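What follows is a short report on a single structure.
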Amino acid sequence: IGVNRNAKRVAVIHISFNVIGTLTCLILFYGGNLLFDFAFMDWTVGAVGIAFCHTVFNMFTTLLLLPFSRQLEKLARRLVRNDAKAESFAFLDPLLMRTPAVAIAECVNIANQMGSLSHQNLLLAIQQLSSYEEVREAEIISNEDKLDIYEDRLGKYLVEISRHSMSGADSRTVSRLLHAIGDFERIGDHALNLQESAQELHDKELHFSEAVKAELAVLLTALEDIMEDAFSCFAADDPVAAQNIEPLEETIDRLIEDIRLRHTERLQTERYTIRLGFILNDLLTNLERVSDHCSNIAMCVIEEKNKLVNHHSYMNAVKSGHTFNKNVHQDLRKYQLPPI
Numbered sequence: 081i082g083v084n085r086n087a088k089r090v091a092v093i094h095i096s097f098n099v100i101g102t103l104t105c106l107i108l109f110y111g112g113n114l115l116f117d118f119a120f121m122d123w124t125v126g127a128v129g130i131a132f133c134h135t136v137f138n139m140f141t142t143l144l145l146l147p148f149s150r151q152l153e154k155l156a157r158r159l160v161r162n163d164a165k166a167e168s169f170a171f172l173d174p175l176l177m178r179t180p181a182v183a184i185a186e187c188v189n190i191a192n193q194m195g196s197l198s199h200q201n202l203l204l205a206i207q208q209l210s211s212y213e214e215v216r217e218a219e220i221i222s223n224e225d226k227l228d229i230y231e232d233r234l235g236k237y238l239v240e241i242s243r244h245s246m247s248g249a250d251s252r253t254v255s256r257l258l259h260a261i262g263d264f265e266r267i268g269d270h271a272l273n274l275q276e277s278a279q280e281l282h283d284k285e286l287h288f289s290e291a292v293k294a295e296l297a298v299l300l301t302a303l304e305d306i307m308e309d310a311f312s313c314f315a316a317d318d319p320v321a322a323q324n325i326e327p328l329e330e331t332i333d334r335l336i337e338d339i340r341l342r343h344t345e346r347l348q349t350e351r352y353t354i355r356l357g358f359i360l361n362d363l364l365t366n367l368e369r370v371s372d373h374c375s376n377i378a379m380c381v382i383e384e385k386n387k388l389v390n391h392h393s394y395m396n397a398v399k400s401g402h403t404f405n406k407n408v409h410q411d412l413r414k415y416q417l418p419p420i
């Protein structure tokens with residue numbers, strides 16, 4: 081109590097160290113005793129024996145957990161999270177709910193801050209793939225903690241507002257924000273997943289072939305564009321700009337499908353480690369999910385402005401239209417994978 085977060089994290093690691101070590105040693109010791117019936121179990125242990133056992137325990141547990149130091153650090157960060165800046169939530173005063181329109185306006189501002197942080201974190205994670213930095217890793221983890229807090233505090237506040245009487249327009253805005261902050265938080269999760277993939281590439285000194293790097297460069301350019309468009313249309317509450325998101329999302333899906341097919345073909349002719357293939361698949365899956373969340377964000381804007389009720393019917397109508405197919409073909413020409 082009263083100590084800073086880093087001290088609390090050290091305490092978490094220390095407790096985890098002792099708990100894991102104790103459980104492991106007890107299982108091994110009593111399991112061994114059942115098998116071999118240790119003769120020394122009846123001996124009287126003195127101060128020297130206790131000190132010796134304690135030293136052996138510490139050495140064994142240290143050697144056991146040394147390869148998992150990063151996992152222990154992540155556990156400590158998960159259990160003792162950074163707090164988002166207090167000023168970010170200073171305006172989420174319950175008294176504002178007496179005037180829902182004012183409270184909702186403040187929620188919109190904070191949701192835009194959350195969206196900006198989510199966007200920034202994904203860009204940082206993408207940079208890690210080409211140039212890994214531990215300082216950037218710490219920033220990504222810190223931002224992810226903040227995004228979790230944003231979703232928790234803002235989500236609870238919006239749910240509380242929804243219980244008050246408000247206009248139809250305000251009700252639709254609350255619905256848009258509730259859906260969007262979930263997508264912002266999930267994009268943050270995918271940014272953390274990308275960071276972990278980049279860290280594995282860095283730690284194990286694994287490298288994609290030049291062909292794969294070139295293909296990923298095209299895909300990442302398309303992804304950065306859809307993120308920019310999605311977050312911009314959300315911040316501006318612009319349903320017209322939001323309509324450009326879905327064709328680009330379809331384009332990204334097709335690019336990912338093509339990259340996967342190319343990778344499968346390369347496995348037959350080139351030497352790839354199984355682990356490298358898994359990392360590439362994880363990257364593509366996370367990038368695809370980010371694109372899906374960008375589509376969801378755009379749909380939140382469109383639904384609010386057009387008072388849509390049936391999301392799936394609208395999407396089916398859009399994807400079967402001539403304009404949609406035309407825009408997809410334009411995007412496919414813009415984001416062309418290099419020839420094989």
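Quick note on my numbering: the sequence shown kicks off at 81 and runs consecutively.
The C-beta atom is built at its ideal place from N, Cα and C for all residues, glycine as well.
These numbers come from a predicted model, not from an experiment.
Presumed contact (8 Å Cβ cut-off) between residue 238 and residue 254, rounded CB distance = For the purposes of this step, residue 238 is taken as residue 158 along the sequence shown, with counting starting at 1. For the purposes of this step, residue 254 is taken as residue 174 along the sequence shown, with counting starting at 1. With a Cβ gap of about 5 Å, residue 238 and residue 254 count as contacting.
task = Check the Cβ-Cβ distances between residue 116 and every residue of chain C, and say whether any is below 8 Å.
result = Absent from the structure is chain C; it holds one protein chain and no more.
key: Boundaries of the alpha helix (DSSP H) in which residue 180 is found, first to last residue   = The residue labelled residue 180 in the question sits at position 100 within the sequence shown. It spans 180-210 - the alpha helix (DSSP H) in which residue 180 sits, taken as one unbroken run.
message = Taking only three categories from DSSP, how would you classify residue 237?
response = Along the sequence shown, read from residue 1 onward, the residue named residue 237 stands at position 157. Note: residue 237 maps to helix in three-state DSSP.
inquiry  = Just verifying my parser: in three-state terms, what is the DSSP assignment at residue 140?
reply    = Your numbering for residue 140 matches position 60 in the sequence shown. DSSP places residue 140 in helix when its eight states are reduced to three.
query = So does the stretch 133-151 actually touch the stretch 200-213, counting three or more Cβ pairs closer than 8 Å?
reply = no
task = Starting from the C-beta of residue 405, find all residues in its chain whose C-beta is less than 7 Å away, skip the five residues before and the five after it, and write them out in chain order.
result = In the sequence shown, the residue the question calls residue 405 occupies position 325. None.
request  = With residue 265 as the anchor, note down where its alpha helix (DSSP H) starts and where it stops.
outcome  = Translated into positions along the sequence shown, residue 265 becomes position 185. 248-283 is the extent of the alpha helix (DSSP H) around residue 265.
Cut-off 7 Å between Cβ atoms - residues of its own chain near residue 415, not counting five sequence neighbours on either side = For the purposes of this step, residue 415 is identified with residue 335 of the sequence shown, where counting begins at 1. Result list for residue 415: 298, 301, 302, 331 and 335, in chain order.
key: C-alpha distance - residue 294 paired with residue 340, whole-angstrom precision   = Indexing the sequence shown from 1 puts residue 294 at position 214. Indexing the sequence shown from 1 puts residue 340 at position 260. Distance between the alpha carbons of residue 294 and residue 340 is about 14 Å.
key: Assigned secondary structure, residue 109 (DSSP; H/G/I helix, E/B strand, else coil)   = Mapped onto the sequence shown, residue 109 falls at position 29. Residue 109: helix per DSSP, three-state reduction.
request  = Could you have a look at residue 167 and say whether DSSP puts it in helix, strand or coil?
outcome  = For the purposes of this step, residue 167 is identified with residue 87 of the sequence shown, where counting begins at 1. In this prediction, residue 167 has a pLDDT of 48, which is less than 50 and means its spatial position is unreliable; what the coordinates show is noted afterwards. DSSP places residue 167 in helix when its eight states are reduced to three.
ask   = Can you round the beta-carbon distance between residue 274 and residue 328 to whole angstroms, since I take them to be within the 8 Å contact cut?
value = Start at 1 with the first residue of the sequence shown, and residue 274 comes out as number 194. Start at 1 with the first residue of the sequence shown, and residue 328 comes out as number 248. Residue 274 to residue 328, Cβ: 19 Å. No contact.
Cβ shell of residue 120 (< 6 Å), same chain only, five flanking positions each side left out = The residue you call residue 120 lines up with position 40 of the sequence shown. Within the same chain, residue 120 has no close Cβ partners at all.
key: residue 100 vs residue 143 beta-carbon contact at 8 Å   = Along the sequence shown, one-based indexing puts residue 100 at 20. Along the sequence shown, one-based indexing puts residue 143 at 63. In this structure, residue 143 does not lie closer than 8 Å to residue 100 by Cβ.
Nearest-angstrom beta carbon gap, residue 177 and residue 240 [assumed within contact, 8 Å] = What you label residue 240 is simply residue 160 of the sequence shown in a count that begins at 1. What you label residue 177 is simply residue 97 of the sequence shown in a count that begins at 1. Confirmed, Cβ separation roughly 7 Å.
request  = Could you tell me the boundaries of the alpha helix (DSSP H) in which residue 344 lies?
outcome  = Your numbering for residue 344 matches position 264 in the sequence shown. That run of the alpha helix (DSSP H) goes 325-347.
query = Can you check whether the CB of residue 180 is closer than 8 Å to the CB of residue 250?
reply = By one-based count along the sequence shown, residue 250 stands at place 170. By one-based count along the sequence shown, residue 180 stands at place 100. Contact: yes.
query = If we ignore side chains and look at the alpha-carbon of each, how far apart do residue 288 and residue 259 end up?
reply = Working through the sequence shown from its first residue, we reach residue 288 at position 208. Working through the sequence shown from its first residue, we reach residue 259 at position 179. Distance between the alpha carbons of residue 288 and residue 259 is about 36 Å.
task = Report yes if the CB atom of residue 280 is closer than 8 Å to the CB atom of residue 220, and no otherwise.
result = In the sequence shown, residue 280 corresponds to position 200, counting from 1. In the sequence shown, residue 220 corresponds to position 140, counting from 1. Their beta carbons are not under 8 Å apart, which means residue 280 does not touch residue 220 by this criterion.
task = Assign residue 226 to one of two classes, buried (16 or more other C-beta atoms within 10 Å of its C-beta) or exposed (fewer than that).
result = Indexing the sequence shown from 1 puts residue 226 at position 146. With 16 or more other Cβ atoms within 10 Å, it is buried.
ask   = Nearest CA to the CA of residue 212: which residue from 411, 283, 252 and 174?
value = The residue labelled residue 212 in the question sits at position 132 within the sequence shown. Among 411, 283, 252 and 174, the Cα nearest to that of residue 212 belongs to 283.
key: Span separating the alpha-carbon of residue 277 from that of residue 218   = Taking the sequence shown and counting its residues from 1, the one referred to as residue 277 is at position 197. Taking the sequence shown and counting its residues from 1, the one referred to as residue 218 is at position 138. Cα to Cα, residue 277 sits roughly 15 Å from residue 218.
task = To the nearest angstrom, report how far apart residue 361 and residue 248 are at their CA atoms.
result = Here residue 361 corresponds to residue number 281 of the sequence shown, with the count starting at 1. Here residue 248 corresponds to residue number 168 of the sequence shown, with the count starting at 1. Those two C-alpha atoms are separated by around 44 Å.
request  = Would you please state the rounded distance, in angstroms, between the beta carbons of residue 322 and residue 382? I believe it to be under 8 Å.
outcome  = As a working mapping, residue 322 is identified with position 242 in the sequence shown. As a working mapping, residue 382 is identified with position 302 in the sequence shown. Correct: roughly 5 Å between the Cβ atoms.
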